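Q: Numbering (the working numbering), first residue to last: 36 to 587. My questions will all concern the structure given below.
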Ligand code: G1P
Ligand code: ZN
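This is how it looks when you write it as structure tokens:
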């Protein structure tokens, strides 16, 4: 049903008694507990700062949607009415407010929007006791740079009032067109454009043949945003039997789960693939659909390896048939892709953690694929990592090579050697303890060079800093690196996305050439480095935890 508002809606200026002092966006926008977001005027303050800072708001088109978590619909209502008050000419939003992060990135680009507001706290739990988040993407479809988020934060600190109009809540239940005063609100199906894009990138016919040829697969949407996308793609278009998509209905609290596709939080799926023989392929995505986990029968694909495999096999997908211009990985991601890039004779970049650092390289055409160890992989098709794209890319490779996931991995390591890799997370550590540990280790770095570590020698130790090859901007303090003389390394970082206390991440990596033992359990292969860093950084002593919360 379409309706167009006739009368000019009433504009209101709402005064804030005191500005909020805690609206500093992190790596992925402003992420806080739902409870914090429910404080009167809290969401409005941050949105006002966005509209005052984002270029082109007056007369511009904006994309708006989220991962369906608790608070999604209320935020859409508030943001629509604030957009109208700020002279936005059109907002494109979606049925049910459901819009995955990569699909939002695509819409911003294809509709030439000034940017988008994505309502998500990614893989953090949702619901009244969970988290909520607001993230702004720019006109290129990617996360906004620090200069923008800093300016938004500065604005919130002194904000005295915000503008909003009074208007009835817009019905999001079906595609339709509406108006709030002069502003057009287009409610579209958030799945359509994304599915079309995937059909341009991959050969669906060959994937359909694979799925029809005794290739049972299980996809876990974790009750989050990818459910409707995955059902359309895998069950409706690619012919997987009904039920192949599990937990496919988005729920406001993700069914009380933690929508993070890793071995801990996607445990049911992991068990299905790693301990049973009913499925040949398994995958899961996170809350907002930008992360992916890939599993084969009795085989877990480490995300760093996944990027390397996609790079080595890229030409099997129509979109990349002509080869790749270059690749990039975040610093803590293993160097598995570096080895492939070297053999292919293409550039390979090492960036700080966070997708925004890939944006300049993608926009400049220097890279085609990029990825992070944190289950994020993507390409130049959008400016976000893209979970379902990665799953389809794997299916494309399997469709062309007609072998198992485990065989792909074995052949890959036989050709390029294996980077044994693991990440140990210590979550919800008291902030003071975590910072104490980090600062102490940072202070020790200069004296570590030349010392023994896990039976090897420390060749170098530093805090990673990055000079952007495109705009020469410098980003410092991106993680402590202990580099050993045989190419192994340990990285220690503090998370920028957690909401409870602090999270310490320890990344461990050790390379074995193709002539070495390629079939070890990574925890065994890395055991000496694990105990060496535990001792050196006094992890147990300072956190009170005798093991990590999550091991990947
Ligand atoms: C985490 C991941 C990082 C990713 C970010 C957003 O950030 O480690 O790779 O870009 O989430 O999905 P962190 O909590 O480590 O700062
Ligand atoms: Zn995410």
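No residue lacks a Cβ here, since even glycine has one placed at the ideal position from N, Cα and C. This structure is a prediction, so every number in the text was calculated from the model and none was measured.
(1) Please indicate yes or no: does the CB of residue 582 lie closer than 7 Å to some heavy atom of the ligand G1P?
(2) May I ask you to check if the CB of residue 409 is nearer than 7 Å to at least one heavy atom of the ligand G1P?
(3) Looking at the unbroken beta strand (DSSP E) that takes in residue 255, where does it start and where does it end?
(4) Please go through the same chain and pick out, in chain order, the residues whose beta-carbon is closer than 6 Å to the beta-carbon of residue 425, but skip the five residues on each side of it.
(5) Alpha helix (DSSP H) containing residue 476: first to last residue?
(6) Since residue 127 and residue 231 should fall inside the 8 Å C-beta cutoff, what is the C-beta to C-beta distance between them, to a whole number of angstroms?
(7) When you compare the CB positions of residue 483 and residue 539, do they come within less than 8 Å of one another, or not?
(8) Fully enclosed by the stretch 85-112, which beta strand (DSSP E) runs are 3 residues long or longer?
(9) Hey, could you find the ends of the alpha helix (DSSP H) residue 395 is sitting in?
(10) Curious, which full-length alpha helix (DSSP H) runs of at least 4 residues does the stretch 248-291 contain?
(11) Would the C-beta of residue 322 count as close to the ligand ZN, meaning under 7 Å from any of its heavy atoms?
(12) Should residue 208 and residue 138 be called a contact, given that it needs their Cβ atoms to be closer than 8 Å?
(13) Measure the alpha-carbon distance for residue 77 versus residue 121 and round it to whole angstroms.
(14) Residue 563 and residue 490 look like a contact to me (Cβ under 8 Å); what is the Cβ gap, rounded to whole Å?
(15) Using a Cβ-based criterion (distance less than 7 Å to any ligand heavy atom), does residue 261 qualify as near the ligand ZN?
(16) With distance defined between alpha-carbon atoms, name the residue in 154, 262 and 53 nearest to residue 195.
(17) Drop a sphere of 10 angstroms on the beta-carbon of residue 284, count the other beta-carbons inside from all chains shown, and report buried for 16 or more, exposed for fewer.
(18) Using the Cα positions of residue 399 and residue 95, report the straight-line distance between them to the nearest angstrom.
(19) Helix, strand or coil for residue 140, going by three-state DSSP, please let me know.
(20) Name the two residues that bound the continuous alpha helix (DSSP H) containing residue 422.
(21) Which residues mark the beginning and the end of the beta strand (DSSP E) in which residue 232 is found?
(22) Tell me which residue opens and which closes the beta strand (DSSP E) that residue 188 is part of.
(23) Looking at residue 424 and the ligand G1P, is the gap between the Cβ and the nearest heavy atom below 7 Å?
(24) Does the pairing of the stretch 159-179 with the stretch 195-204 give three or more beta-carbon distances under 8 Å?
(25) Using a threshold of 7 Å, is the CB atom of residue 325 nearer than that to any non-hydrogen atom of the ligand ZN?
(26) Using a Cβ-Cβ cutoff of less than 7 Å, which residues in the same chain neighbour residue 348 once the five nearest sequence positions on both sides are dropped?
(27) So does residue 350 have its beta carbon nearer than 7 Å to some heavy atom of the ligand G1P?
(28) Given 7 Å as the limit, tell me if residue 390 has its C-beta closer than that to any heavy atom belonging to the ligand G1P.
(29) Would you say residue 130 touches the ligand ZN, meaning its beta carbon is less than 7 Å from a heavy atom?
(30) Mind checking whether the beta-carbon of residue 299 lies closer than 7 Å to any heavy atom of the ligand ZN?
(31) State the DSSP-derived secondary structure class of residue 550, mapped to helix, strand or coil.
(32) Measure from the alpha carbon of residue 450 to the alpha carbon of each residue in 374, 298 and 250, then state which is nearest.
(33) What three-state label does DSSP hand residue 377 in the structure shown?
(34) Hey, which unbroken runs of the beta strand (DSSP E) at 3 residues or more fall wholly within the stretch 520-578?
(35) Closer than 6 Å by C-beta to residue 368: which residues in its own chain qualify, once you throw out the five before and the five after it? Chain order, please.
(36) Does any heavy atom of the ligand G1P sit closer than 7 Å to the C-beta of residue 531?
A: Once the coordinates are examined:
(1) Result no, Cβ not under 7 Å from the ligand G1P.
(2) yes
(3) 252-255
(4) 327 and 412
(5) 466-483
(6) The Cβ separation is near 15 Å, so there is no contact.
(7) Cβ atoms of residue 483 and residue 539: not closer than 8 Å.
(8) 96-101
(9) It spans 391-398 - the alpha helix (DSSP H) in which residue 395 sits, taken as one unbroken run.
(10) Runs of the alpha helix (DSSP H) inside the stretch 248-291: 261-265.
(11) yes
(12) no
(13) When rounded, the distance between both Cα atoms is 18 Å.
(14) 6 Å
(15) no
(16) 53
(17) Under this definition residue 284 is an exposed residue.
(18) 25 Å
(19) helix
(20) 422-436
(21) Taken as a continuous stretch (DSSP letters only), residue 232 belongs to no beta strand (DSSP E), being part of the alpha helix (DSSP H) at 227-236.
(22) Not the beta strand (DSSP E): residue 188 falls in the alpha helix (DSSP H), residues 181-193.
(23) Not so, every heavy atom of the ligand G1P lies at least 7 Å from the Cβ.
(24) no
(25) Residue 325 Cβ: within cutoff of the ligand ZN.
(26) 432
(27) no
(28) yes
(29) no
(30) The answer is no for residue 299.
(31) The answer is coil: DSSP assigns residue 550 none of H, G, I, E or B.
(32) 374
(33) helix
(34) If one requires a minimum length of 3 residues, the beta strand (DSSP E) runs lying completely within the stretch 520-578 are 524-529 and 537-547, in chain order.
(35) Correct list, in chain order: 339, 407 and 408.
(36) yes
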